[in-house]
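S.K.:
In the working numbering, the protein residues as written are -1 to 291.
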């Protein structure tokens, strides 16, 4: 049975993945947290002794690795900011690159040869699948992926990169499109949108969790290819709003162009190789009906 270490456990996906893993493996699921981690966003069921505080130092990571002796790491550490500034750039570098680099260095120091599942974003790739830093967030993600490949060769890690798109599901606290639409519907408010022809690729959070669990299988971790997409159904935002109107049974108060996009934007997200053996189980209309009604 794996000794599992999760970073980013207080993210929406981290919460749901932790919950699924804890349902079968309570004693062996650990999480790295920070002093500022919101405990309410951590999944129920963790043993208190399985929380390990990262204080920014290598020593705190050494203590964690010594205690856990991980055989499987899910690296969900992430911080997204659409626009960088002098106030947020250090935090972005720390969460998306430097923390992971320190973790890899400690694994090398301790000679830990574990399985390492990393999470990226579709904005790391251009239309033909070439690495492409769309913004600082995807640039830092690309840099960490390169570092992960180097360390994997040096110390014998099996690594897989899961490329994520949009997700949704009950309890989603993120200020993303569907939670904001749901809130507007409940409050009969105007829904501010960007452009009708932007394509969104969206998957129910339960299906994303299933992909995460599947990714730890030996045949995937040992494959020569190590970048897989967790891609769901794709709709233009205008088509998605029509589907939502059908589900809720009324016209929505939509205001197009109210939510401004940066000059550089992705209208049609890249799709690469899908995770072998993974298929969606929750149809978008079915999932939205449960989420919105």
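Think of the CB as a built atom: it goes at the ideal place given N, C-alpha and C, for glycine as much as any other residue.
In this text, all values refer to a predicted model and were calculated from it rather than measured experimentally.
1. What is the residue span of the alpha helix (DSSP H) that residue 112 lies within?
2. Residues in its own chain within less than 6 Å of residue 256 by CB, not counting five upstream and five downstream?
3. Looking at residue 80: is its Cβ nearer than 9 Å to the Cβ of residue 202?
4. Taking only runs of the beta strand (DSSP E) that begin and end inside the segment 21 to 98, which ones reach a length of at least 3 residues, in chain order?
5. According to DSSP, simplified to helix, strand and coil, what is residue 277?
6. Can you look up residue 118 in the DSSP assignment and give me helix, strand or coil?
7. How about residue 138 and residue 94: are their beta carbons less than 9 Å apart?
8. Is it true that the segment 229 to 243 meets the segment 136 to 155, where meeting means three or more beta-carbon pairs spaced less than 8 Å apart?
9. Does residue 22 pass the burial test, meaning 16 or more other C-beta atoms within 10 Å, or should it be called exposed?
10. Report yes if the CB atom of residue 200 is closer than 9 Å to the CB atom of residue 166, and no otherwise.
11. If residue 207 and residue 20 are in contact, beta carbons under 8 Å, what's the gap, nearest whole angstrom?
12. So, helix, strand or coil for residue 149, using DSSP?
13. On the three-state DSSP scale, how would you describe residue 287?
14. Could you compute how far the alpha carbon of residue 25 sits from the alpha carbon of residue 71?
15. Quick check: what's the CA-CA separation for residue 224 versus residue 187?
16. Would you tell me roughly how many angstroms separate the C-alpha atoms of residue 261 and residue 64, rounded to the nearest one?
17. Roughly how many angstroms lie between the CA atoms of residue 177 and residue 171, to the nearest whole one?
18. Any idea if residue 288 is buried or exposed, counting beta-carbon neighbours within 10 angstroms, 16 or more meaning buried?
M.R.: With the given structure in hand:
1. No alpha helix (DSSP H) contains residue 112, which DSSP labels as neither H nor E.
2. 190
3. no
4. 27 to 31, 49 to 51 and 70 to 73
5. coil
6. strand
7. yes
8. no
9. exposed
10. yes
11. In fact, because the Cβ distance is near 12 Å, the residues do not count as touching under 8 Å.
12. helix
13. helix
14. 15 Å
15. 44 Å
16. 47 Å
17. 7 Å
18. exposed
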